[in-house]
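What follows is a short report on a single structure.
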Amino acid sequence: MGRLLSLIVIAGLAYGGLYVSYGMTVKDDVEQALADYGLTALQVQGVDYGPLAPLGTEATISADVIYQGAAATVDLRLHGHPLFSEEVRLELSGLQALRLTIGAGR
626 MGRLLSLIVI AGLAYGGLYV SYGMTVKDDV EQALADYGLT ALQVQGVDYG PLAPLGTEAT
686 ISADVIYQGA AATVDLRLHG HPLFSEEVRL ELSGLQALRL TIGAGR
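Every number in the working numbering is 625 more than the matching position in the sequence shown, counting from 1.
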């Protein structure tokens, strides 16, 4: 029973590390894709993906981007695994939400 519990804990820690490194790599890939399109003024605040995304080669990702007083959530489709594939392709699926801040002080 103790070995099974240890195995479950080790598997959980390994998956947690994979999940975190997947997120950091995806964020870097989104920033690079925006830079390739000439949108270097956009800042990627964070990315959101499903709990099973690191296990597959295709995933739907939501990226929160900011430009001055405007924030938007953009849906992206990821083809390839950012950690294990040589070629990763991001496709823009659509704009999910657009939020404007008017008259807010810094």
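Glycine is no exception: its CB is placed at the ideal position from the N, C-alpha and C atoms. Since this is a predicted model, take the numbers as computed values, not measurements.
Residues near residue i by beta carbon distance below 7 Å, same chain, minus five either side
i           : result
leucine 623 : A question about residue 623 goes unanswered here, because the residues of the chain that appear run from 626 up to 731.
Residue i versus residue j: straight-line alpha-carbon distance, rounded
i              : j            : result
glutamate 711  : glycine 637  : 26 Å
leucine 716    : glycine 627  : Looking at the sequence itself, residue 716 is glutamate, so the reference to leucine does not match. The alpha-carbon atoms of glutamate 716 and glycine 627 are separated by roughly 45 Å.
serine 687     : leucine 630  : 34 Å
glutamate 683  : proline 707  : 10 Å
glycine 681    : glycine 663  : 29 Å
serine 718     : leucine 701  : 5 Å
valine 672     : leucine 643  : 15 Å
glycine 641    : tyrosine 674 : 14 Å
threonine 665  : glycine 648  : 20 Å
isoleucine 635 : lysine 652   : 26 Å
Where residue i sits in the DSSP three-state scheme
i              : result
glutamine 693  : coil
threonine 698  : strand
leucine 664    : coil
methionine 649 : helix
Identified DSSP bridge partners for residue i
i             : result
aspartate 673 : Ser687
histidine 704 : Glu683, Arg714
arginine 724  : Ala696
glycine 719   : Asp700
Beta-carbon proximity list for residue i, same chain, < 6 Å, skipping 5 on both sides
i           : result
alanine 678 : Ala684
CB-CB length for residue i against residue j, believed under 8 Å
i            : j             : result
valine 669   : glutamate 656 : 5 Å
tyrosine 692 : leucine 659   : Their Cβ separation, rounded to whole angstroms, is 10 Å, which puts tyrosine 692 and leucine 659 out of contact at 8 Å.
glycine 694  : leucine 723   : In fact, because the Cβ distance is near 11 Å, the residues do not count as touching under 8 Å.
Proximal residues to residue i (C-beta, below 8 Å), its chain only, five neighbours per side dropped
i             : result
threonine 650 : Pro707, Leu708
threonine 713 : Note that residue 713 is valine in the sequence shown, not threonine. Only Asp654, Leu703, His704, Gly705, His706, Pro707 meet the Cβ criterion.
proline 676   : Tyr644
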